[in-house]
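Going letter by letter, the sequence shown gives residues 1 to 120 in full-length UniProt numbering.
Every residue gets a Cβ at the ideal spot worked out from N, C-alpha and C, and that includes glycine.
Since the model is a prediction, treat every value here as computed from it, not as a measurement.
Below is one structure; the comments refer to it alone.
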Amino acid sequence: MINIVVIDDEIEILSMIDKYLSRDKNNSVKTYNNPLNALDSISNSTDVILLDIMMPQINGLELLPKIKEKCPDIKVIMMTAYSTLDKVLEAHRQGAEHYLMKPFSSLDAISKKIDEVLAK
Numbered sequence: 001m002i003n004i005v006v007i008d009d010e011i012e013i014l015s016m017i018d019k020y021l022s023r024d025k026n027n028s029v030k031t032y033n034n035p036l037n038a039l040d041s042i043s044n045s046t047d048v049i050l051l052d053i054m055m056p057q058i059n060g061l062e063l064l065p066k067i068k069e070k071c072p073d074i075k076v077i078m079m080t081a082y083s084t085l086d087k088v089l090e091a092h093r094q095g096a097e098h099y100l101m102k103p104f105s106s107l108d109a110i111s112k113k114i115d116e117v118l119a120k
């Protein structure tokens, strides 16, 4: 079983990713539109987190170190529609495994990135 947490302030994105990833019965998917609630629920049983960068309560680059402090082995894939080299480098410095651009080229790209980071 792969335990996946998706954190994004856009309900439509959460719903779309949840429906797609939940089709695979080996996936357990939890979604959060409030990053602070997500942080409280993350544990060592979480395998991978899809984390949006731009959110109103706390941005993903601020949340990432808190996630890594709580559970350093969790794989994190950042998601954003607003990519700059600085953000990509900062996310990697803080422990993000990979980066996905929104809008997604396909939902298969999400599954492939998850498989990639879990294979490392």
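Local conformation of Lys25 per DSSP, three classes = coil
In DSSP terms, what Leu51 is bridged to | Ile7 and Met78
Anyone know if the C-beta pair for His98 and Ile77 falls short of 9 angstroms?
-> yes
Coarse secondary structure for Lys19, derived from DSSP in three states | helix
What's the gap between the Cα of Asp52 and the Cα of Ile7?
-> C-alpha of Asp52 to C-alpha of Ile7: approximately 6 angstroms in a straight line.
Please check the pair Ile13 and Leu118, which I expect to be a contact at CB under 8 angstroms, by giving their CB distance rounded to whole angstroms.
-> Going by Cβ atoms, the distance from Ile13 to Leu118 rounds to 21 angstroms, so no, they are not a contact pair.
For Ile58, three-class secondary structure by DSSP = coil
Measuring alpha carbon to alpha carbon, tell me which of Asn34, Gln94 and Val48 ends up nearest Pro56.
-> Closest in C-alpha terms to Pro56, from the list Asn34, Gln94 and Val48, comes Asn34.
Straight-line Cα distance separating Tyr20 from Leu107 = 7 angstroms
Between the Cα of Arg23 and the Cα atoms of Thr46, Ile4, Glu62 and Tyr32, which residue gives the shortest distance?
-> Ranked by Cα distance from Arg23, the first of Thr46, Ile4, Glu62 and Tyr32 is Ile4.
Which residue from Glu62, Asp47 and Lys120 puts its Cα closest to that of Met54?
-> Glu62
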